Amino acid sequence: MIYSIVHTTSYTYSQPVDSGRSTLHLAPRSIPGRQECRTFDLSCDPQPDTMACSTDTFGNACHSLHLTRPHRHLKICARSEVELFPRELVNPVLTPPIAHVRLAARERQDLLPFLAPSPRVETGDEFAEFAQPYLPPGEPVLDALMSLNRAIYRDFRYLPGSTHVHTRTSEVLAAGAGVCQDFAHLLIAACRSIGLPSRYVSGYLSPLMFHDDAEDPPCASHAWAAVWCGPAHGWIELDPTHDMAQPARHLVLCWGRDYSDVPPMQGVIHGGAGQSMQVDVRIRSLD
0 MIYSIVHTTS YTYSQPVDSG RSTLHLAPRS IPGRQECRTF DLSCDPQPDT MACSTDTFGN
60 ACHSLHLTRP HRHLKICARS EVELFPRELV NPVLTPPIAH VRLAARERQD LLPFLAPSPR
120 VETGDEFAEF AQPYLPPGEP VLDALMSLNR AIYRDFRYLP GSTHVHTRTS EVLAAGAGVC
180 QDFAHLLIAA CRSIGLPSRY VSGYLSPLMF HDDAEDPPCA SHAWAAVWCG PAHGWIELDP
240 THDMAQPARH LVLCWGRDYS DVPPMQGVIH GGAGQSMQVD VRIRSLD
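Encoded structure:
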């Protein structure tokens, strides 16, 4: 399947902004056997003085913009074409026991950032206790992870507005409510707290999941998690918001330790006053 993605972010300021710098994570990754970013284009109005692309610590494309002319409006549009490839799914019961995966992970230096606490993901006894009924050491790792994934979907309410980007994972656990970002962080915290490397994935849902007959339906950014399931299987994605494992129609933008590593857009401005922001995401199938 090939998808067209148009992600537009518009800012309006109550007073002119003198200058601003922005960092963007809006370019989809190319992942062998998973997806290919066929094209990507980034436009900005007003035109920035400089625009540069680099690769961050986690291999994501990262764009930097610098705008020095006064402005009261800013519009950034990222256009992509992404192809999703058919994949052979891993049989959950044939994955190694959790205890084996934990031992293997300790020998991999590259997994250390995904085992430790991070700015938006806490670890500790409360998360290990939450995970323990679903992740006993002798169970096949993916089979057990699917139970944890299902528990978050079943027991936590999806409640827009109940949290924000700075909400602590412990608050989500206590409140029993949140949004996709929170549920991804909670699954990651539970896994890391018992020694399973886990990372945060940002991206989009294919509109075909919910809008089989719709033309160009409005969409939104989404977040889920991936857990390292041993050398033979590597990273396997889980979406606790929808109780999905190995999702076939999730479009990956970026990954990192948590949301703080891969926000779609962040930056600083000089001047200006109050601001409003609007985000519009449009995804459609080209097949």
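Numbers 0 to 286, taken from numbering that gives the first Met the number 0, label the letters of the sequence shown in order. From the three backbone atoms N, C-alpha and C, an ideal C-beta is built for every residue, glycine too. Every value quoted in this text rests on a predicted model; they were computed, and no experiment measured them.
Shown here for residue 228: same chain residues with a beta carbon closer than 7 Å to its own, the five before and five after excluded, namely 94, 100, 140, 141, 235 in chain order. Contact annotation, residue 2 with residue 285: C-beta distance approximately 7 Å; criterion of less than 8 Å satisfied.
A contact between stretches requires three or more CB pairs, one per stretch, nearer than 8 Å, and the stretch 253-263 meets this requirement with the stretch 187-206. A straight-line Cα-Cα distance of about 27 Å links residue 86 and residue 194. Under the criterion of beta carbons closer than 8 Å, residue 150 and residue 97 do not qualify as touching, at roughly 16 Å. Going by beta carbons, residue 275 and residue 11 fall inside the 8 Å limit. Cβ-Cβ distances below 8 Å link residue 110 to 104, 196, 227 in the same chain, with the five nearest sequence neighbours on each side left out; the list follows chain order. Spanning the alpha carbons of residue 27 and residue 102 requires a straight line of approximately 32 Å.
Residue pairing for residue 236: DSSP places it in a beta bridge opposite 225.
Proximity to residue 58 across 278, 255, 265 peaks at 255, based on C-alpha coordinates.
Under the three-state reduction of DSSP, residue 24 is assigned to coil, being neither helix nor strand.
Listed as beta-bridge partners of residue 81 by DSSP are 2, 36.
Assignment of beta-bridge partners to residue 44 by DSSP yields 74.
In the three-state scheme derived from DSSP, where H, G and I count as helix and E and B as strand, residue 161 is classed as coil. Membership of residue 149 in any beta strand (DSSP E) is not indicated; the residue belongs instead to the alpha helix (DSSP H) covering 140-154. The stretch 17-25 and the stretch 46-62 touch, with three or more beta-carbon pairs separated by less than 8 Å. In the three-state scheme derived from DSSP, where H, G and I count as helix and E and B as strand, residue 17 is classed as strand. DSSP, read as helix, strand or coil, puts residue 130 in helix.
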